[in-house]
Amino acid sequence: MSSELQTQSQHHIKLSEESLQKQTTTLNLGPTHPATHGVFQNIMEIDGERVLETVPTIGYIHRAFEKIAERRPYYQITTLTDRLNYCSAPINNMGWHMTIEKLLGLKIPKRVDYMRVIVMELARIADHLVCNSVVAVDTGALTGFTYVFQYREKIYEIFEEVCGSRLTTNMGRVGGFERNFTDALFIKLNDFLNTFPPVMKEFETLLNRNRIFIDRCIGAGPISAERALNYGFTGPNLRATGVDYDVRVAMPYSSYEDFDFKIPTGTVGDVYDRYMVRNDEIWESVSIIKQALEKIKKIENDFPEQKNIFYAPEADKFHLPPKEDVYTKMEALIYHFKIIMGEIDAPAGEVYHSVEGGNGELGFYLISDGGRTPYRLHFRRPCFIYYQAYPEMVEGGLLSDAVIALSSLNVIAGELDA
Amino acid sequence: MTNETIQNKLTEKFGEKLTEWESPYGLLSFRAPAQMNVEVLEYLFNEPTMRFQFMTDLTGVHFPDRKGEELSVVYHLHNLVDNIRLRLKIYVPVTQPDVNTASKLFSAANWMERETYDFFGINFVGHPNLIRILNVDEMDYFPMRKEYEMEDPTRRDKDDEMFGRG
């Protein structure tokens, strides 16, 4: 650029003396940057390729769920939980239903517990597949992503068979499911269990020992176990640092104590450890689903009459009657309206319940004053809590490491901003 | 470690200052005086027999009817070694909602306190960066307080009397 042009262009932009002297660059990464997979803004101070400082700004898709929940009957809040971590919506749905069940003191039949476990583990696989394949994309390997997404599609087809929808599922009811698992579902599930493991194996062959992938991931965005605990990390990101805390084992819900599975852990908490922990968890989830199917089969063999149990009988006042009854029977019609109009009171009480979501401990802190809506409902959103460690993890590292650190943390904007 | 042993130890240390002991759904819950919150949290964190070193959750609740203690801050702590949780509550008046920050003890509390400030206006004294986090900076009220209605306040069709009671 000629000096004349330079003076001309500088004429209109008044830069402060300070910024002209500055040796570093301010980079606005986001809110809608293609490398960030969601609405995240980071104002970074970079020196060449090195990140000196980053300030995350969040809240771009804040939708006031906690405020909305104070005006909604309990079962209508399920649709809000869908939109927290939308990569594994059924876990959120069921976590919320189990919170109400805890408040009501309901006992859930084993068969329903196992059905829930199947769906929740499928959701966990879908969630981890998205995260891990996207880490690979950010390191430059698109193939794995397009390959495993077919199997995420198959999982969504199973969800469709359970509840009719795919991404934001609104699945299940207080006490169990809205309808029984169909035969088609079991066919699809078995098909998935047969075809997915070889594909997963191939995905791992593609990346686990891939020199380029390893060089990109090892040492990127690390965090120590001590700092991770102090930052309130949970889920795969905590386990990657070597702490074996898993809500499914520590505080079992939905009969997880009946299952035999390992908690994979890492050592240094970098991108590679997080990737490996998620991969191993996918294998554990596959094994849990197989065990759950066995257990359901055993129940149906031993007690054939339980084949049609898909919700807790005591939860019937939260359970919409079958449509054919609503159209033909007076009682069913009345109950249908009572539920739809939200005319069901919950007892007064204060309850905290948490489930192991795709990203960690998803907690529901519910205060009920005995009305038809919560007095206060707070979501403990794992993403929100661990994303605050992001500056500490990437400062001093390379900009490209910051990008894969963000995707390997699997921060979901919906959960972050509530 | 059980709820009783924790309660006994805390009573031994702090005497009658801790009140409202209960265990709803198995979770030990108690109340501490507002200015003592960090003292209690530090004891729970540092005492080798307690080891409540993981902050599960921190949030606020607004009770407009409790005069002089309208705002509440609720802490959920987890002892990961003995695998037990507890809940600590403090209450402050809405006219002067000053609470000491726990962010020096738990890095996790940093954003959770900012969120609680953002929605309830609780002033965490000593917080390194107490600014709004999810709402816009220009907002001049605290939206989770009960005086702010979700919908049009003149709307009556969702009131209890429309559902055959109230």
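Residue numbers (our numbering), protein chains in the order written: chain C, 1060 to 1477; chain U, -16 to 149. The beta carbon of each residue, even a glycine, is placed where N, CA and C say it ideally should be.
Inter-residue spacing [alpha-carbon to alpha-carbon] between G1430 (chain C) and E3 (chain U): 23 Å
Environment of N1469 (chain C) [buried if 16+ CB atoms lie within 10 Å]: buried
C-beta atoms of M1174 (chain C) and G1280 (chain C) nearer than 8 Å: no
Alpha-carbon to alpha-carbon, V44 (chain U) and L1425 (chain C): 11 Å
Cutoff 8 Å: I105 (chain U) Cβ touching any chain C Cβ: no
M1157 (chain C) vs H1412 (chain C) beta-carbon contact at 8 Å: yes
Three-state secondary structure assigned by DSSP to R1211 (chain C): helix
Against chain U: residues of the segment 1100 to 1115 of chain C by CB proximity under 7 Å: none
I1277 (chain C) versus G1328 (chain C): straight-line alpha-carbon distance, rounded: 9 Å
Spatial distance of L1163 (chain C) from Y1331 (chain C) (CA atoms): 43 Å
Beta-bridge partners of I73 (chain U), as assigned by DSSP: U:V56
Terminal residues of the beta strand (DSSP E) in which M1103 (chain C) lies: 1100 to 1106
Three-state class that DSSP yields for R1131 (chain C) in the structure shown: coil
Contact with chain C by V44 (chain U), beta-carbon distance below 8 Å: yes
Spatially closest choice to N1289 (chain C) from U:A91, U:I116, U:M133, by CA coordinates: U:A91
Beta-carbon gap between E1187 (chain C) and A1477 (chain C) smaller than 8 Å: Note that residue 1187 (chain C) corresponds to His in the displayed sequence, not to Glu. In this structure, A1477 (chain C) does not lie closer than 8 Å to H1187 (chain C) by Cβ.
Closest by C-alpha distance to H110 (chain U), when choosing among U:R97, U:L60, U:H59: U:R97
C-alpha gap between E22 (chain U) and F1272 (chain C), whole angstroms: 47 Å
Contacts of D40 (chain U) in chain C (Cβ-Cβ under 8 Å): Y1411, G1422, Y1424, H1437, R1439
Y1449 (chain C) at chain U interface by Cβ criterion, 8 Å: no
Any chain U beta carbon closer than 8 Å to I1444 (chain C): yes
Sheet register partners of P1115 (chain C) (DSSP bridge): C:N1101
Test: M95 (chain U) CB closer than 8 Å to a CB of chain C: yes
Buried or exposed (CB count within 10 angstroms, at least 16 for buried), M1060 (chain C): Confidence at M1060 (chain C) is low in this model, with a pLDDT of 46, below 50, so the placement of that residue is unreliable and no value is reported for it.
Pairwise C-alpha distance: T1324 (chain C) and E52 (chain U): 44 Å
Per-residue burial, Y8 (chain U) [other beta carbons within 10 Å of its own, 16 or more giving buried]: exposed
Contacting residues, own chain, Cβ-Cβ under 6 Å from L1352 (chain C) (five flanking each side not counted): none
Within 8 Å, strictly: CB atoms of G1107 (chain C) and Q1100 (chain C): no
R1130 (chain C) at chain U interface by Cβ criterion, 8 Å: yes
The segment 1296 to 1310 of chain C: positions lying closer than 7 Å to chain U by Cβ: Y1304, A1309
Reduced DSSP secondary structure (H/G/I, E/B, other) of E3 (chain U): strand
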